[in-house]
Structures are given as structure tokens and as C-alpha cells.
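Q:
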Amino acid sequence: MSVIGKNKNIIESHPCFSKEAHHKFGRIHLPVAPACNIQCRYCIRKYDCANESRPGITSKVMSPSDALDRVRVLLERNDNISVIGIAGPGDPLANESTFEVMAAIHKEFPELTLCVSTNGLCLPERLEDLMRSGVRSLTITINAVTEEMAEKIYSWALYKGRRYSGREAAKYIVSNQWRGLRNAIDAGFVVKINTVFIPGVNNAEIPLIAWRAGEIGADIMNLMPLIPQAEFENFDRPSKQAIDKKRDECSGYIPQMTHCRQCRADACGVLGEDKDMELEMLNSQIGEEYCEML
């Protein structure tokens with residue numbers, strides 16, 4: 248099958264890439280990546296609530312072996328899972344466990360689409376590792392085109408063993424994100440761009456992000472409203488009308504995702520109908536113990 252054919256199959260069964268697919272197919276996010284290599288000014292990862300859904304939180308971080316066991320159990324109990332993803336709670340490419348888990352899943356379940364969500368800082372040098380692990384679908388969060396804008400959004404970056412801040416951090420983030428995107432497209436990956444709409448900060452650059460990502464060949468863009476927290480806790484969350492207007496501005500450059508739920512790092516199931524992974528595991532254990540009693 249050609250790369251185009253393979254990518255079409257991935258998109259049609261990936262709930263984050265296709266609005267039609269998200270009604271039929273589910274995903275499992277495995278929280279195996281605790282370390283992060285940049286600090287976004289809008290991100291805070293140290294709180295968890297079972298009733299809260301936002302990126303960067305999880306009930307617990309899992310070991311690679313626990314993650315593989317969880318996939319086995321959840322696939323037995325759910326016949327509509329098409330995607331296994333790693334989206335945190337840190338950045339997957341800053342954690343070796345990401346590649347260990349994905350390689351193991353790909354070996355045992357080659358029919359599944361493997362997806363990683365990253366800030367892109369380490370993407371240029373880790374792209375081949377992703378390919379060897381069986382990953383063919385990526386989400387890259389890109390919030391800026393210029394270093395000046397990136398400096399307003401990111402506090403620091405940890406890159407190749409050294410911590411950078413200010414404009415120097417912004418330089419590495421912007422350069423690597425866009426270079427990583429181009430390399431991923433050239434390598435045949437299906438790619439979604441996540442962009443956080445931060446009112447009063449990156450409004451003007453969002454259409455530029457859409458244009459540039461579309462020109463490079465990204466498949467879809469997900470414009471997400473800011474969740475006011477951390478350094479941006481006093482900022483306003485953009486209204487639905489503002490988001491819709493900005494999506495209209497960008498839609499001529501790249502298709503727009505409109506069904507995002509800003510998922511947790513341990514999400515499971517169909518978008519908007521998430522299941523409790525711990526409860527699913529408990530139910531499976533109870534079922535096995537009951538069968539042993541018969």
C-alpha cells in the first residue's frame with residue numbers, strides 16, 4: 248500500500264483526525280511520560296481530579312510493563328479502540344519509556360495506529376526512533392512562528408542537557424518545531440497541529456501558523472482555547488465565537504478540527520465518552536477471579 252493509502256486509513260480511523268471517526272473509534276492514552284523539556288506559561292501538571300479533563304494530568308504515571316498489560320485488558324473489553332497514544336503527562340520525546348512502550352505495542356498489536364503528542368523540541372533527532380517504534384501519527388503543539396512570540400509563551404527549554412530561558416529557549420523551540428514538522432511530513436507521518444489560542448498574545452500569529460503548517464503538508468489543525476492557569480491564570484479564556492472566527496480565518500490554509508475534548512494524559516474510550524481505566528482494570532480482575540471460582 249502506498250504512503251497516501253496508509254495515511255488515508257489512519258485518518259479515517261483516528262478519532263482526533265476525523266470527525267466521523269470520533270463517533271465510532273476510541274483511543275487509549277498511556278501516561279508513561281512524566282518528564283517534560285519545556286515550560287509553557289499556561290501549563291500546570293501537578294494536580295489531578297477524576298472529574299477534570301485537560302492536558303497534562305493523570306491519576307498516576309504507569310511503568311512500561313503496566314502500560315502493556317493495560318492495553319491488553321482494555322482491548323479485550325473494548326472492540327472499538329483504533330489508536331494507542333502517549334500524550335504525557337510530560338513530553339513523550341523526553342522519556343525513553345515512550346519508545347519502549349510503543350515498540351512493544353507495535354510488536355503485539357501491529358494493526359493499531361500508534362500516536363504521540365509532542366511539543367516538538369526533540370522531534371528532529373527522535374523522529375527515526377519514533378519510526379522504529381512503529382509510530383506513524385503525530386500531534387505537534389505549535390503556538391508561534393516567531394521567536395519573539397515564543398518567548399511570551401514559553402518560560403524555559405531543556406535541550407541536550409542544558410537549560411535555556413528567554414529568547415534563547417524560544418529560538419530552539421521554534422526552529423525545532425518547524426524543522427521537526429517538515430521532517431515528519433517528508434517521512435510520511437500523519438500530522439495534526441495543536442495551537443493554543445491565547446487572547447492578547449498569539450492572536451495575530453495563529454493564521455500564520457495555519458498557513459505555514461498547511462504549506463508544509465500537515466493534515467489538520469486543532470485550535471484549542473486557553474485554559475487559564477499557571478502564569479496565565481488571570482488571562483481570559485477565548486469565547487466559542489472567537490474560536491470559531493479564528494478557525495474560519497485558518498480554514499483556507501489547513502482543515503480544522505472542531506471536536507477536540509482537550510483530553511487527559513490517561514484518557515480512554517470514545518471522545519466525550521471516556522471510561523475510567525482503573526475501573527475497567529478492576530472489572531477485568533473481578534471477572535477473572537469469578538471465572539476461577541467456577
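For the sequence shown, counting from 1, position 11 maps to 258 in our numbering; every step adds exactly one. Just so it is clear, CB atoms sit at the ideal spot from N, CA and C, and this is done for glycine as well. Please read these numbers as outputs of a predicted model, since none were measured by experiment.
1. To the nearest angstrom, how far is it from the Cα of LEU361 to the Cα of ALA351?
2. Assuming ILE333 and ALA280 make a contact with CB atoms under 8 Å, what is their CB distance in whole Å?
3. With the cut-off set at 8 Å, would you say LEU385 and PHE436 are in Cβ contact?
4. Whole angstroms is fine: what's the gap from ALA489's alpha carbon to PRO446's?
5. Does LEU368 come out as helix, strand or coil in the three-state DSSP assignment?
6. Select from CYS263, ALA341, MET396 the residue whose C-alpha is nearest the C-alpha of ASN450.
7. Roughly how many whole angstroms lie between the Cα atoms of ARG410 and ARG319?
8. Below 6 Å CB to CB, which residues in the same chain sit around MET309 once its five sequence neighbours on both sides are set aside?
9. Is ASN254 buried or exposed, if buried means 16 or more other CB atoms sit within 10 Å of its CB?
10. Give me the residue from ILE257, GLU478, GLN503, ASP376 with the minimum Cα distance to ILE331.
11. Measure the alpha-carbon distance for ILE291 versus ILE400 and round it to whole angstroms.
12. Write down every uninterrupted run of the alpha helix (DSSP H) in the region 376–406 whose length is 4 residues or greater and which is fully enclosed by it, in chain order.
A: Straight from the coordinates:
1. For the purposes of this step, residue 361 is taken as the residue at position 114 of the sequence shown. For the purposes of this step, residue 351 is taken as the residue at position 104 of the sequence shown. About 11 Å.
2. Numbered from 1 along the sequence shown, position 86 holds the residue referred to as residue 333. Numbered from 1 along the sequence shown, position 33 holds the residue referred to as residue 280. The beta carbons of ILE333 and ALA280 sit about 6 Å from each other, so the pair counts as a contact at 8 Å.
3. Residue numbering aside, residue 385 sits at position 138 when the sequence shown is read from its first letter. Residue numbering aside, residue 436 sits at position 189 when the sequence shown is read from its first letter. Cβ distance < 8 Å, so LEU385 and PHE436 count as in contact.
4. As a working mapping, residue 489 is identified with position 242 in the sequence shown. As a working mapping, residue 446 is identified with position 199 in the sequence shown. Approximately 9 Å, taken between the alpha carbons.
5. Start at 1 with the first residue of the sequence shown, and residue 368 comes out as number 121. In this structure, LEU368 counts as coil in the three-state DSSP scheme.
6. Residue mapping note: residue 450 aligns to position 203 of the sequence shown, counting from 1. When C-alpha distances from ASN450 are compared across CYS263, ALA341, MET396, the shortest belongs to MET396.
7. Taking the sequence shown and counting its residues from 1, the one referred to as residue 410 is at position 163. Taking the sequence shown and counting its residues from 1, the one referred to as residue 319 is at position 72. Taking the straight line joining both Cα atoms gives about 38 Å.
8. Position 62 of the sequence shown, counted from the start, is the residue given in the question as residue 309. In chain order, PRO278, VAL279 place their CB closer than 6 Å to the CB of MET309, counting only its own chain and leaving out the 5 sequence neighbours on each side.
9. Taking the first residue of the sequence shown as 1, we reach residue 254 at position 7. So ASN254 ends up on the buried side.
10. Within the sequence shown, numbered from 1, the residue matching residue 331 stands at position 84. It is ILE257 whose Cα lies nearest to the Cα of ILE331.
11. Position 44 of the sequence shown, counting from 1, holds the residue named residue 291. Position 153 of the sequence shown, counting from 1, holds the residue named residue 400. Cα-Cα distance, rounded: 13 Å.
12. Listed in chain order, the complete alpha helix (DSSP H) runs (minimum 4 residues) inside the region 376–406 are 394–400.
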